[in-house]
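Peer 1:
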Ligand SMILES: Cc1ncc(COP(=O)(O)O)c(C=O)c1O
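Residue numbers (this note's numbering), protein chains in the order written: chain A, 1 to 259; chain B, 260 to 673.
1. I want to verify the contact list: residues of chain B whose CB lies under 9 Å from the CB of residue 155 of chain A, in sequence order.
2. Roughly how many angstroms separate the alpha carbons of residue 222 of chain A and residue 344 of chain B, rounded to a whole number?
3. Below 7 Å between beta carbons is the criterion; list the residues of the stretch 80–92 of chain A that meet it against any residue of chain B, in chain order.
4. Let me see if you follow: with CB-CB separation under 8 Å, is residue 445 of chain B close to chain A or not?
5. Tell me, which residues are paired with residue 323 of chain B by DSSP?
6. Using 8 Å as the Cβ pair cut-off and three pairs as the minimum, do the stretch 492–499 of chain B and the stretch 598–605 of chain B touch?
7. Taking just the CA atoms, how far does residue 229 of chain A sit from residue 30 of chain A?
8. Taking Cβ positions only, does residue 190 of chain A come closer than 8 Å to chain B?
9. Rounded C-beta distance between residue 299 of chain B and residue 365 of chain B? I'm assuming under 8 Å.
10. Determine the chain B residues that contact residue 137 of chain A at a beta-carbon separation under 8 Å, and present them in chain order.
11. Just to make sure I have the definition right: I need the residues of chain A whose C-beta is within less than 9 Å of the C-beta of residue 425 of chain B. Which are they?
12. Hey, is residue 161 of chain A's beta-carbon within less than 8 Å of any beta-carbon in chain B?
13. Buried or exposed for residue 276 of chain B, going by 16 or more other Cβ atoms inside 10 Å?
14. Can you look up residue 330 of chain B in the DSSP assignment and give me helix, strand or coil?
15. In the DSSP assignment, find the beta strand (DSSP E) that holds residue 152 of chain A and state where it starts and stops.
16. For residue 410 of chain B, which residues does DSSP report across the bridge?
17. If we ignore side chains and look at the alpha-carbon of each, how far apart do residue 64 of chain A and residue 9 of chain A end up?
18. Closest to residue 216 of chain A by C-alpha separation, out of A:188, A:117, A:3, would be which residue?
19. Identify the contact partners of residue 429 of chain B in chain A, using a Cβ-Cβ distance below 7 Å as the criterion.
20. Give me the Cα-Cα distance between residue 525 of chain B and residue 648 of chain B, rounded to the nearest whole angstrom.
21. Please give the ranges of any beta strand (DSSP E) in the stretch 563–607 of chain B, keeping only runs that are unbroken, at least 3 residues long and fully inside the region.
22. Should residue 554 of chain B be flagged as near chain A, meaning a C-beta pair shorter than 8 Å?
23. Which value, in whole angstroms, describes the spacing of the CA atoms of residue 350 of chain B and residue 96 of chain A?
24. Look at the alpha carbon of residue 26 of chain A and the alpha carbon of residue 127 of chain A, and state the distance between them as a whole number of angstroms.
25. With a cut-off of 8 Å, does the C-beta of residue 72 of chain A fall near any C-beta of chain B?
26. So what's residue 122 of chain A in DSSP terms, helix, strand or just coil?
27. Just checking: is the beta-carbon of residue 68 of chain A within a distance shorter than 8 Å of some beta-carbon in chain B?
28. Please go through the stretch 451–517 of chain B and give each complete beta strand (DSSP E) segment of 3 or more residues, from N-terminal end onward.
29. Nearer than 7 Å: is that true of the beta carbon of residue 345 of chain B relative to any heavy atom of ligand 1?
30. In whole angstroms, what separates the C-alpha of residue 368 of chain B from that of residue 212 of chain A?
31. If I measure Cβ to Cβ from residue 655 of chain B and keep anything under 6 Å in the same chain, skipping five residues before and after, which residues do I get?
32. What I want to know is whether the C-beta of residue 373 of chain B ends up closer than 7 Å to one or more non-hydrogen atoms of ligand 1.
33. Closer than 8 Å, CB to CB, is residue 420 of chain B near chain A or not?
34. Mind checking if residue 105 of chain A is an interface residue toward chain B, Cβ cutoff 8 Å exclusive?
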């Protein structure tokens with residue numbers, strides 16, 4: 001039996017009270033660090049259960065148009081890794097939900113992998129999602145994360161064979177992130193029987209909680225996922241809402257999801 | 260997914276999970292093709308009947324005597340169909356695509372050469388084809404876009420990031436993660452995740468194999484030095500591979516020195532010390548990046564060398580000292596091109612002209628008993644718009660203005 005990380009424990013505790021949790025995603029420094037803070041505050045007040053903070057990178061290969069542009073704009077406005085760490089530290093201190101980092105491997109590599117993990121630990125980040133780092137390339141990262149009792153989170157996809165799902169699960173803690181379809185973030189997903197079958201397959205290949213993302217954007221989507229997964233992830237859609245209707249609109253949008 | 264494809268500390272496969280089975284499939288198909296002698300025979304047959312292989316070696320008689328010193332020879336990759344070494348890689352990957360049963364190809368392109376080569380291959384093999392090209396490059400390279408579209412390819416102008424080659428690569432990956440079932444990504448250089456660096460180098464090794472035999476036959480000895488320009492590194496890997504075990508043959512890679520040292524002024528990852536080791540676009544190598552690991556802007560007079568990363572295999576040969584890296588400035592490159600046109604009647608691409616510039620700098624210091632070999636990776640006559648700008652030709656400018664006026668008049672009349 002694996003040892004449960006703090007992240008996994010808090011997810012399981014929260015699940016005792018709610019039948020599905022909501023995780024949201026923001027890009028740090030987009031459109032500004034002040035706006036990032038305001039969005040996190042609104043999201044937490046609206047009832048979000050955990051949050052993914054993306055440290056911007058110039059080559060976000062796995063992201064679709066919305067998050068891609070958010071990365072580019074944050075960098076254009078001068079966002080640095082150091083500022084991202086400072087802002088994340090403030091967020092973990094002020095808000096009592098688990099925070100994760102999502103970023104690409106070069107950010108860890110250039111910072112120094114073990115230093116990156118130490119810094120996460122120091123500022124209260126509980127886990128990381130690094131979409132371009134398969135376990136085979138990430139031994140140093142995995143060792144450092146496990147030693148710090150933080151959660152390295154890997155991704156299941158509709159292309160992932162069952163034996164690879166188990167391999168990914170063995171190298172993860174906290175939860176497993178499954179993407180609902182092929183492609184990049186921020187495009188439509190069909191919430192169908194096929195998706196239900198796939199989520200059942202995911203669940204049968206891990207004993208960790210399951211989060212599902214890519215294309216989740218409405219109350220109906222979340223209702224569909226209830227009972228099938230532990231966490232629904234809303235990523236691009238809240239950024240899109242913010243772009244269309246301003247930072248102030250995010251709270252209302254999240255409230256429609258959790259109501 | 261095996262942890263393979265490392266060249267000392269460089270290379271690897273840093274890919275999104277969704278592509279792991281696709282890369283496994285590609286690696287198996289590639290390894291099976293390498294095992295199967297009939298594959299290479301089919302490849303050689305295709306290259307000799309559809310492209311112009313074996314390409315000849317030409318001695319630069321006039322410039323060898325003008326410069327004094329070493330005898331200068333040129334490997335004529337410009338004589339490939341579509342005018343560059345890119346055809347070697349593209350035709351090989353076309354055969355592999357067919358073996359894998361895929362029906363659609365996608366590719367990134369900077370200058371447009373690799374895009375044109377891929378569109379050509381797709382037309383011949385009957386594949387659907389989409390080419391990703393930075394919006395800046397689309398604007399600069401209309402003639403190449405024209406030919407790609409004539410050949411039936413869809414050309415997508417990428418408006419993200421710096422709107423150049425690296426952004427086109429990201430966009431091609433984004434297409435691939437949605438369409439991997441029927442689509443092969445024809446990566447254009449010896450970069451990217453494993454097995455691309457090794458596979459592209461394998462197809463390009465046809466240059467080195469021919470060159471070594473041709474130089475021996477002609478001169479009864481091997482060249483003292485071999486020069487190749489280095490963008491991603493495919494033409495360099497191609498010609499160097501023929502001489503890699505000949506320790507007396509010095510291998511010289513020439514990068515884009517642009518306007519000189521300093522961030523944003525050039526694209527020299529190995530010759531200058533502005534680059535550091537990083538991981539992006541799926542592989543680990545030297546990148547022109549800032550301290551946080553954000554990629555920086557690059558500059559070169561030649562779009563094909565204007566790239567932030569470099570083949571992981573070349574990074575390892577840089578570390579081991581097997582390959583010496585130099586940089587040629589924009590000005591030297593344009594001079595070398597004009598000199599080659601004027602005195603030899605050859606028209607090297609601006610990319611290839613980097614190798615010529617370095618060779619011309621070194622040849623006078625060598626002995627008449629020594630030969631040097633330059634890889635002429637492509638020809639420039641099809642890049643006439645870019646070259647005319649680079650040499651700043653006033654008559655060309657006048658011609659374009661007149662042409663534009665005539666179009667405007669026509670449109671006004673209609
Ligand atoms: C003629 C020519 N030479 C060289 C290059 C650089 O690529 P590589 O370093 O992969 O040979 C290009 C790329 O577009 C090219 O068109």
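C-beta atoms are modelled at their ideal positions from N, C-alpha and C, and glycine is treated no differently.
Peer 2: If we stick to the structure as given:
1. 275, 276, 277
2. 52 Å
3. 80, 81
4. no
5. For residue 323 of chain B, which the question treats as bridged, DSSP gives no partner whatsoever.
6. Taking 8 Å as the limit for Cβ pairs, the verdict is that the stretch 598–605 of chain B does not touch the stretch 492–499 of chain B.
7. 29 Å
8. Between residue 190 of chain A and chain B, the shortest Cβ-Cβ separation is not below 8 Å.
9. Not confirmed; about 25 Å, so no contact.
10. Correct list: 262, 271, 272, 273.
11. 58, 59
12. yes
13. buried
14. strand
15. 151–153
16. Paired residues: none, contrary to the question.
17. 32 Å
18. A:188
19. 59, 61
20. 19 Å
21. 582–588
22. yes
23. 57 Å
24. Those two C-alpha atoms are separated by around 15 Å.
25. yes
26. helix
27. It does; some Cβ of chain B falls within 8 Å.
28. 484–488, 509–517
29. Distances from the CB of residue 345 of chain B to the heavy atoms of ligand 1 include at least one below 7 Å.
30. Distance between the alpha carbons of residue 368 of chain B and residue 212 of chain A is about 35 Å.
31. 647
32. Residue 373 of chain B Cβ: within cutoff of ligand 1.
33. yes
34. yes
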